[in-house]
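Student:
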Amino acid sequence: MHGEKGPEDITRLDAKEDLGIWLSPNLSFSLHLEKSAQKAFAVLRMVRRTFSRITRTDFQILYGAYFRPLLEYANPVVHSGRTKDVILIERVRRAARKTVAVSSL
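Taking the UniProt record's numbering, I'd label the letters of the sequence shown as residues 1 to 105.
Written out as C-alpha cells, the structure is:
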C-alpha cells in the first residue's frame, strides 16, 4: 500500500477488540465468548475466596451484578448458536450454581 511518504507495510492482526467485542480474523465471535468466560471464571474465583458461605439470595445479587453482564454483553450480536460456544457459557453458569449448592450445605 502506498502512502504519502512511499510504500507502507500492512500488519496482520490475530484478533481485534472494538467496543468490547473481540473479533478473530475469520470473523468468528468464539474468541469473544472465550474471553468472557475467562473473566466470569475469574470473578467466580474471587467470590469463592471472599465468601466462605453465601446464601442463594446473596449469590443472586452477585450473579446479576457481576456474572450476567460478562456473559450477556453483546449477546444478540455474538450469539452464533454453535454448540461449542453454548457449552462454554453453560459451563460457567454450572460452576456458579455449584458454588451456591456447596456453600449452602
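All C-beta atoms, glycine included, are put in the ideal place defined by N, C-alpha and C.
When the Cα atoms are used, what is the spatial distance from A74 to K98?
Tutor: 26 Å
Student: Please tell me whether L88 and L31 are closer than 8 Å, where the distance is taken between their beta carbons.
Tutor: Taking 8 Å as the Cβ cut-off, L88 and L31 do not qualify as a contacting pair.
Student: Verify whether the separation of the beta carbon atoms of I61 and V100 is less than 8 Å.
Tutor: no
Student: With a cut-off of 8 Å on the beta carbons, I'd call A96 and F67 a contact; round off their distance for me.
Tutor: The Cβ separation is near 6 Å, so the contact holds.
Student: Run through the stretch 45-97 for me and flag every whole alpha helix (DSSP H) of 4 or more residues, listed as ranges in chain order.
Tutor: Within the stretch 45-97, the complete alpha helix (DSSP H) runs of at least 4 residues are 56-62, 68-72 and 75-78.
Student: Could you have a look at F29 and say whether DSSP puts it in helix, strand or coil?
Tutor: coil
Student: Once you ignore the five residues that flank G20 on each side, which residues in its own chain have a CB closer than 8 Å to its CB?
Tutor: Y73 and A74
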